[in-house]
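Residue numbering for the sequence shown is 218 to 520, as defined by the working numbering.
Cβ atoms here follow ideal geometry from the backbone N, Cα and C, with glycine treated the same way.
Keep in mind that this is a model prediction, so the values were computed, not measured.
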Amino acid sequence: MSTLTSITNEKISVPAIRARKVRSGSVPIACLTAYSKPMAQLLDPHVDVILVGDSLGMVLYGFESTQPVTLDMMIDHGAAVVRGAKRALVVVDMPFGTYKLSPAQAYQNASRIMAETGCAAVKLEGGTEMAETVAFLTRRGIPVMGHIGLLPQSVSASGGYRAHGREEAEAHYLVQSARKLQDAGAFAIVIESTVEPLAARITQELEIPTIGIGASPACDGQILVTDDMLGVFQDFKPKFVRQFAQLGQQISTAVQDYAKAVRQHEFPAPEHCFGVKPLVPIQDNSANKTAPDKAPHKKRGRR
Ligand code: KIV
Numbered sequence: 218m219s220t221l222t223s224i225t226n227e228k229i230s231v232p233a234i235r236a237r238k239v240r241s242g243s244v245p246i247a248c249l250t251a252y253s254k255p256m257a258q259l260l261d262p263h264v265d266v267i268l269v270g271d272s273l274g275m276v277l278y279g280f281e282s283t284q285p286v287t288l289d290m291m292i293d294h295g296a297a298v299v300r301g302a303k304r305a306l307v308v309v310d311m312p313f314g315t316y317k318l319s320p321a322q323a324y325q326n327a328s329r330i331m332a333e334t335g336c337a338a339v340k341l342e343g344g345t346e347m348a349e350t351v352a353f354l355t356r357r358g359i360p361v362m363g364h365i366g367l368l369p370q371s372v373s374a375s376g377g378y379r380a381h382g383r384e385e386a387e388a389h390y391l392v393q394s395a396r397k398l399q400d401a402g403a404f405a406i407v408i409e410s411t412v413e414p415l416a417a418r419i420t421q422e423l424e425i426p427t428i429g430i431g432a433s434p435a436c437d438g439q440i441l442v443t444d445d446m447l448g449v450f451q452d453f454k455p456k457f458v459r460q461f462a463q464l465g466q467q468i469s470t471a472v473q474d475y476a477k478a479v480r481q482h483e484f485p486a487p488e489h490c491f492g493v494k495p496l497v498p499i500q501d502n503s504a505n506k507t508a509p510d511k512a513p514h515k516k517r518g519r520r
């Protein structure tokens with residue numbers, strides 16, 4: 218069966234994602250974010266791309282924006298996600314302040330991300346103004362995913378969380394940006410929060426896939442922040458999010474049940490305890506006592 222229409226156990230590569238255009242018969246690319254190994258393990262069998270997004274700054278760390286996220290944070294979370302992903306392509310976001318100074322700065326930091334996490338590619342925000350940097354990276358063997366439309370790292374400069382591309386000039390800039398990023402060698406482009414027909418038009422024009430978030434069903438793939446779509450992140454819900462579960466509610470109920478069980482002496486029960494048989498009386502045979510550091514000790518563990 219063709220990999221265009223089925224999920225296989227094969228490791229997904231950058232060229233495989235680059236080739237996934239819906240108009241050529243591919244099924245849309247399913248992408249989600251992860252920031253930890255256990256979440257990566259849960260997503261890995263089901264999605265094509267796992268993005269270690271700098272959204273972790275807001276979702277995990279509670280920052281007001283993604284700007285305080287550091288390179289070290291992205292590297293630590295990126296490495297954890299790579300340890301949990303066996304087949305999905307792992308892409309790590311370049312955080313604010315680590316790639317716009319110069320192509321050389323971007324190369325230095327992107328190569329650190331690649332070397333220290335083992336991820337397959339990096340993502341960076343920006344359109345035409347980043348094309349030179351994207352070309353610099355891709356020519357040196359660093360696969361780059363672009364990101365246009367709403368750019369969370371520059372949200373205050375661009376007028377807050379709003380749909381982009383309503384006006385002619387901005388729509389023109391976004392189309393140009395997509396073309397330039399493609400020409401610079403980007404293997405895919407995230408389009409975030411644009412008016413729908415614009416995302417559809419860019420998708421139609423490009424040879425590389427577009428990944429939409431608040432963009433268009435016509436995009437070649439879709440991405441959401443996992444905590445949003447699972448209903449874990451509670452602070453706000455963007456218009457483009459569909460909650461596929463209400464885990465926040467389930468976690469709250471489970472924690473309430475746990476606290477009640479502890480307070481009512483229902484937990485732990487005997488099956489959660491070690492050696493529940495009554496203790497044998499301790500004999501004092503100190504004459505042939507084994508020295509404590511020589512005493513055989515059992516493997517310690519959580520289970
Ligand atoms: O940081 C992130 O999670 C992202 C996605 C929402 C595209 O950039």
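| said: Check whether the stretch 326-334 and the stretch 251-263 touch, using three or more Cβ-Cβ pairs below 8 angstroms as the test. | reply: no
| Does the beta-carbon distance from GLY429 to SER394 come in below 7 angstroms? | Their beta carbons are not under 7 angstroms apart, which means GLY429 does not touch SER394 by this criterion.
| To the nearest angstrom, how far is it from the Cα of ALA416 to the Cα of ASP310? | 21 angstroms
| request: Report whether the distance from the Cβ of THR250 to the nearest heavy atom of the ligand KIV is below 6 angstroms. | output: yes
| query | Taking the alpha carbon of GLN421 as the point to measure from, which residue in GLN466, ARG383, CYS436 and HIS482 has its own alpha carbon closest? | reply | CYS436
| field | 7 angstroms CB neighbourhood of ASN502 in its chain, flanking five on each side removed | value | none
| message | Taking 6 angstroms as the cut-off, is the C-beta of SER433 nearer than that to any heavy atom in the ligand KIV? | response | no
| Terminal residues of the continuous alpha helix (DSSP H) containing LYS254? | 254-260
| request: Consider the C-beta atom of ASP271 and the heavy atoms of the ligand KIV; say whether any pair is separated by less than 6 angstroms. | output: Checking every heavy atom of the ligand KIV against the Cβ of ASP271, one is found closer than 6 angstroms.
| task | Go ahead and pull the three-state DSSP assignment for VAL493. | result | VAL493 sits in coil when the DSSP states are folded into three classes, being neither helix nor strand.
| Taking Cβ to Cβ, would you say PHE353 is nearer than 7 angstroms to ARG235? | no
| request: Compare the C-beta of GLY492 with all C-beta atoms of chain C and state if any pair is closer than 7 angstroms. | output: Note that chain C does not occur in the displayed structure, where there is just one protein chain.
| field | Check: ILE440 C-beta below 6 angstroms from any heavy atom of the ligand KIV | value | yes
| task | Would you mind stating whether VAL361 and VAL392 have Cβ atoms separated by less than 7 angstroms? | result | no
| message | With three or more beta-carbon pairs closer than 8 angstroms as the criterion, would you say the stretch 280-293 touches the stretch 369-379? | response | yes
| request: Determine the DSSP secondary structure at HIS364, reduced to helix, strand or coil. | output: strand
| task | Reducing DSSP to helix, strand and coil, say where ALA405 ends up. | result | strand
| field | Presumed contact (8 angstroms Cβ cut-off) between VAL264 and VAL308, rounded CB distance | value | VAL308 and VAL264 do not touch by the CB rule: their CB atoms are close to 12 angstroms apart, not below 8 angstroms.
| request: State the Cα-Cα distance for the pair MET290 and VAL407, rounded to the nearest angstrom. | output: Between the alpha carbons of MET290 and VAL407 lies a gap of roughly 22 angstroms.
| said: Please report the distance separating the alpha-carbon of HIS364 from that of ARG300. | reply: 25 angstroms
| said: Can you tell me whether ILE229 sits near the ligand KIV, meaning its C-beta is under 6 angstroms from at least one heavy atom of the ligand? | reply: no
| request: For ILE365, verify whether its CB is less than 6 angstroms away from any heavy atom of the ligand KIV. | output: Flag unset: Cβ of ILE365 not near the ligand KIV.
| field | Residues bridged to LYS340 [DSSP beta-bridge criterion] | value | ASP310 and MET362
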